[in-house]
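To keep things clear, I will list the structure first and then write my remarks on it.
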Amino acid sequence: MMLRGRDGCKLIAEKPKNYNAMPFGLLKYGLSKEYPAHQHFTPKTDLKPHYDVVIIGAGGHGTAIAYHLAKHHGIRNVAVLDKGYLGGGNTARNTAVIRSNYLTEEGVNFYRESVKLYQNLSNEFGYNIMFENRGQLTLAHSDAAIRSFRWRAEVNQHLGVRSELVDPQMIRELVPNLRVQDDARFPILGGLWHADGATARHDAVAWGYAKGACERGVELHQCTEVTDVRISNGRVVGVETPRGYVEAGCVVQAVAGMSSVVAEMAGIKLPIHSYPLQAMVTQPYKPLLEPHVSSPHVHVYVHQTSRGEFVIGGGSDPYALYNTRATLEQKESLASAVLELFPFLAQAKMLRQWAGVTDMTPDYSPIMGLSPVDNYYLDAGWGTWGFKATPICGQTMAELVATGRAPELITPFALDRFYDFRQVNEAGATAASH
Amino acid sequence: MASQQRLPAPYGLLIDRGKPCSFEFDGKGYIGYGGDTIASALIANQQWLMSRSFKYHRMRGPLTMAGHDANTLVQLKSAPNTLADKQLLQDGMQVHAQNVAGSLRRDWLSVLGSFAKFLPVGFYYKAFFRPRGIWPLWAKLIRRQAGLGVIDQSYSTAHNDEEFDKQYKFADVVVVGGGPAGLSAALAAAKAEEEVLLVDENKILGGSFNYLGAGYQVERDSLVAEVLANPKIEVLCNTICNSWQADHWLALVNDTRLHKVRAKRVVLATGSIEQPAIFRGNDLPGVVVSSAVLRLLNLYAVKPGDKAVVLAGNDEGYGTAQALHAAGVEVVAIVDLRDASNQPTIAQELEAVGVPIFSKSTIFEAQLDKTAQRVGKVEVRKITEPGKCAETGRFLECDFVCVAVGYMPSWQLPCMAGAQLSYDDASAEFALSKLPAGMRLAGSVNGAWQLDDVIAQGRAAGENRSAGPPESVPLNHPWPIFAHPKGKEFVDFDEDLQIADIINATRDGYSDIQLVKRYSTCGMGPSQGRHSALAAARLVADVTGRSVAETGVTTARPPVAAETLAVNAGRSFYPARRTNMHYRHAEAGAQMMQAGAWYRPAYYGPQDRAQQCIHNEVMAVRNSVGLIDVSTLGGLEVRGPDAGEFLNRFYTFTFTKLVPGQARYALLCNEAGVVIDDGVAARLHEQHFYVTATTGGVDRVFQSMLKWNAQWGLDVDIANATTAWCGVNIAGPDARKVLAKVCDSLDLSADAFPYMAVREAKVAGIPARLLRVGFVGELGYEIHVPQLYGEALWDSLLKAGEEFSIKPFGVEAQRVLRLEKGHVIIGQDTDAMSNPMELQMNWALARKKPFFVGARTLRELETKPLERVLAGFTLPIGAAQPKESCLVLEGEQMAGRVTSCAVSPTLNKQVGLAYVPPSAVEPGSVITIKCEGGERVDATIQALPFYDAEGARQAV
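Chains H and A, in that order, are what the protein sequence lines are.
With our numbering, you'll find the first sequence wraps up at 434, consecutive numbering, no jumps.
With our numbering, you'll find the second sequence wraps up at 956, consecutive numbering, no jumps.
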């Protein structure tokens, strides 16, 4: 292969599509003399004075909205601005859980569509996000939990989501090395098995969307913080940045972890309290755990990445904070909890512990849609459920921005639900499952 | 069995030559000494190859001998990913190489390295997903190769939980690092009468003194002796400070113990991390940093080999060459990246003993020897410009390579504390600034390298003042990076990343250092960038036209060094709460269930007769008398002049007018008008209420009370007395007769002690609070006594009730009894949206009160039509029994759900509660329930309660 030399390169250069069948896609890297570099994102350019759409936040959501605007609505004069680097906020910090086994009809319908989009995302991008359908098991250690899981299973099944209440025997079959013993401090009485549960390389989701958006003319501006939002006669007209003022036809905020801070620049008060959420990861070990396993009772969830690391997370910190420090107490508590489920992980060694900031809404559902300011759109309140919603949120928010009308799938999540007592309560389906 | 070669004393500070240890590595026997690490013993036996790398399965041997790199990760049975250069050797130890396909020597997956060109940076993003649907197959294949060590799934600390524990400590000053700087700092602080805790990750104090050789022994011994003799200094060796958190809260890991330490201030004398040079083959076993050579010689008396090539970017390389020469190692050459050494005399001395010096040259490539297990020769080329070499060079034979090209300060702890790491591109020197108050640095972490400076900095930090700037020692070569046309110049040994991988990441558009890390995985491995961060930053800076300082390094996160989950978990503490009557339930054959941290009897009798037992218990309460342990109910004491006002604001009912001796149902909403708890508030005195709350809710209720009272500032004291009280509920038509037998000091007549009254009296000689309440719908008394008397109360009542066939009943029977009465259980019949109107509990709302928590929302909600109502339904026995949480359908639309459902032995039908549309709430309406599995059943709505609508049985 190495000897094919120039002809090989030429052939590939001319007809790249023939070599896209995998793993032939890698051939060009081995055969070309020069690394066939292809800038995935906009090289650094000056900001234009005007964009039709300015998106604040270059995480998964911001880039997904830009992607859909450019691809499906022909809106390409779009800038995605971020105060840090691409996908460096909660997109980088979340633990990459994808699921749709929520509790409300509105929630299940929304996340179900998201999971469907995820399944095809790599091929849509031409960029492997490493989506893996591993399944998710949530454990019940009390009869109250069984009741609540049955509720979710019944709702899920009714709405076409693969979700079922399973008994300890079935749990043993699903996760043979899980400690399902009667003498455990919290015996496992049952579980909620969600066959559609999945994971993906979280960074790659933002990268794939950003790449696709940039290829269609969207501009990505990293290290470009929006410092103020300018409003005139109740309508947003532009944003201030350290690199200058930018005029905007409309503005979308997609800044999980800072939603209320950014909204406040636009004079909007969001019903959000922000809490740090911590997670940790071990060194890599040979694979031994296939699905994602969580126990809301001991506040822990764990899955093994495709690199072999165990990612372990739990509940949010008990007090509101914008700091992303990791605490010793949370590490101790997560370690202790995960050993209740998998005692042999006692030998696993911690590699790293970190935190993100979760914007919690009163009903544990997101805020998507119009805002009190004309042409200013909200993509906020993503608590611990933002990553899994990325594709569908991008698609529906783009439609909203393009048409000015919210698609049916997201109308229940409008900000005004809090004024009208139409909450979409997912409290029962979010604790320590993520 | 291979033979080991050791140098004579004083080489070998750490080993005990009198204690030979035999051990096995990959099935072959070796001998080492007590005090050896696995790695030092293996190298003493000329075994450099210890494991295989993560991606290309390349050969890996030690790099630092300090336990700082991941090259030496080996497998012990129940300890995968063990650092061979840190783990002490034990007699009989069985060690295996890790991540090996086939054998350590002939790893068939090492062929992957030949395809490195086809596995460019981020290759997994670029491939494996076409055609559609193929990825899961690839994912499986790739995943099979993932990971390093193997976790022993039979291992558990549970049977041996004293093994891991935790200790809290306090200190005026914590000094991290027991080298010259740390020792001096500890002594200075102790002299100022401060309590000092000195920690060091190594087995003995001394730091660089120990491996710099016998020349420093006198200084070392006197400083260490002084420290050990000082009563103000506590020394913890084998202890690594793994994290710094706000206000100097430190996690120190000492083997199986986690020390959690609060310090007034912290001195970090954590030293520096020697950096590798980047050239083709720089990862071969036998290519080590110069401090590793000194450690091998001086700590373990191990001669790393017979023929050394020293790659020097600073004068330390010359010092190490001298040490090697002195130990009888042939120094084949010193290859100096610079024009010349700064210390010509040393160079001359070395040349005089026959060591050739190649100046302005580098190692361009290292190659294997003929055993193909360790480095055997290097190609030396002249440097033409930074990073570039002449077209040709010369080969030198050697059996190890020593690299001395510079250091990075141990930046992790200071950076966790918010410090900034800066780098001067001209001098290639680092500086840490913006330390938090109370943190000082001393020694090489702070740029001090001369012993005088190091000690002066240590003293100053110990005295909590800053020292003058240290003398600058040019140790860092600015560009020890030499790309090779055929690659394999490794920047990150953990992840097998070559120069091209880092550069190409930026060319793919990932130019921020954080994106480089995430895209290439550089620094994501077990050594967390200790040896790759600098080179990666230099490469990224170069290719993106920025300075290294602008490029920066990625965020430091805890832990500094790997630590097991076991040490973090310690003795896992999940307390179990048992009531004072717990063992009586067990004796009576109760099946226990968990309720939060509590255990409660579900029912009494064998599991296979559960339903019958529950029915019998229900019938006993309805027909004669039953007794249930309600100790787990929350108990809150609310006292003070404003106690009534407080409850008035907190709960939905009115409490200000409640007279002492009366009790009232207490319903709690949150600000969103959602019902979150209920109980009974009994007014014992004008200024004292005893309030019960649900078992699962009391902690939340207590917290909420404290929160609101902090806001309201009322004159009231609130205490959670749940565990101070034990309680029973004696209920049934004969309850009064039973109670009368053991409670003669109280008039129990209906007039004197009516329904919803509270009394204090002695029951069976025990001081008790008696509440006449009716959860189960019969004449009943809740009797609360001090916790320790629970069992005595239980025994007395059972004895007194014998003649009435009293029967203990459990939670399951209580659930049926209350369901017959239509009483809701908060959390079961309510959810995160339930408001009192939906629960048909408008009667519990005091509308004339100016305020209660949730009132404003409820007033708003009352103006809107209800969306659902919790209603009672019945089904004949024999019909399918819907389980709790099954859906109520309207056509195929979800319209509600069942929250409770049970066969009522009293009424001889199935009764249940369900959320139904308001249109279906009229008695006689029919609702469709989708049972588990999909079967539909039609149930009839019935007005609540199902049983004794007039309440005639409980208010007698």
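For glycine and all other residues, C-beta sits at the position ideal for the given N, C-alpha and C.
For Ala389(H), same chain residues with a beta-carbon under 6 Å away, outside a window of 5 residues either side, are Ser114 in chain order.
For Tyr285(H), the residues of chain A that pass the 8 Å Cβ criterion are Pro80, Asn81, Gly147, Leu148, Gly149, Val150 and Ile151, in the order they occur in the chain. Distance check between Met756(A) and each of Ser466(A), Gly661(A) and Ala467(A) places Gly661(A) closest, using alpha-carbon atoms only.
Within the segment 482-516 of chain A, contact with chain H at the beta-carbon level (separation under 7 Å) is assigned to Ala500, Asn504, Arg507, Asp508, Gly509, Asp512, Gln514 and Leu515. Neighbours of Thr91(H) in chain A, taken as residues at a C-beta separation under 7 Å, are lacking, since the least C-beta distance is about 10 Å. The count of Cβ pairs closer than 8 Å, one atom from the segment 56-63 of chain H and one from the segment 247-256 of chain H, reaches three, so the stretches are in contact. In this structure Tyr11(A) is buried. Its beta-carbon is surrounded by 16 or more other beta-carbon atoms within 10 angstroms. Per DSSP, reduced to three states, the secondary structure at Gly605(A) is coil, with no helix or strand assignment. Beta-bridge partners assigned by DSSP to Thr564(A): Lys349(H). By the C-beta criterion, the segment 190-201 of chain H is judged to be in contact with the segment 136-153 of chain H, since at least 3 inter-stretch pairs fall below 8 Å. Cβ proximity to chain H below 7 Å picks out nothing from the segment 441-468 of chain A.
Looking at the DSSP output, Val898(A) bridges to Ala914(A). Cα atoms of Gly589(A) and Pro391(H): separation of roughly 55 Å, rounded to the nearest angstrom. Around the C-beta of Tyr319(H), fewer than 16 other C-beta atoms lie within 10 Å, and the residue is accordingly described as exposed. Judged by DSSP secondary structure, Glu274(A) falls within the beta strand (DSSP E) whose first and last residues are Ser272 to Glu274.
Counting along the chain, no alpha helix (DSSP H) covers Asn720(A); the unbroken beta strand (DSSP E) around it starts and ends at Asp717 to Asn720.
One alpha carbon belongs to Arg201(H), the other to Ile129(H), and they sit about 5 Å apart.
Take Pro366(H), set aside five residues on each side of it, and the residues of its chain with a beta-carbon closer than 6 Å to its own are Gly381, Trp382 and Phe413, in chain order. Among the residues of the segment 254-282 of chain H, those with a Cβ less than 8 Å away from any Cβ of chain A are Thr282, in the order of the chain. The Cβ of Leu861(A) sits closer than 7 Å to at least one Cβ of chain H. Put simply, the segment 80-95 of chain H does not touch the segment 83-97 of chain A. Fewer than three CB pairs are less than 8 Å apart. Glu340(H) carries a helical assignment under DSSP once its states are collapsed to helix, strand and coil. Under the DSSP definition of a beta bridge, Trp725(A) partners with Pro786(A).
Taking one beta carbon from each stretch, the segment 165-182 of chain A and the segment 441-449 of chain A have 3 or more pairs nearer than 8 Å; the two touch. One finds nothing in chain A with a Cβ atom closer than 7 Å to the Cβ of Leu192(H); even the nearest lies about 11 Å away. Cα atoms of Leu49(A) and Phe110(H): separation of roughly 54 Å, rounded to the nearest angstrom. Around the beta carbon of Pro136(A), fewer than 16 other beta carbons sit within 10 angstroms, so the residue counts as exposed. Taking 7 Å as the CB threshold, Phe118(A) lines the interface with chain H.
Around the C-beta of Phe115(A), fewer than 16 other C-beta atoms lie within 10 Å, and the residue is accordingly described as exposed. In the DSSP secondary-structure assignment, Met416(A) is not bridged to any residue.
Glu397(A) and Gln367(A) have their C-alpha atoms roughly 10 Å apart.
Chain-order list of chain H residues neighbouring Met592(A): empty, with the shortest C-beta distance near 11 Å, by a criterion of under 8 Å.
Here DSSP, grouped into helix, strand and coil, assigns Ala372(A) to coil. Per DSSP, Thr345(A) has no beta-bridge partner at all. For Met350(H), at least one C-beta of chain A is nearer than 7 Å to its own C-beta. Residues of chain H with a Cβ closer than 8 Å to the Cβ of Phe123(A) are, in chain order, Leu26 and Tyr29.
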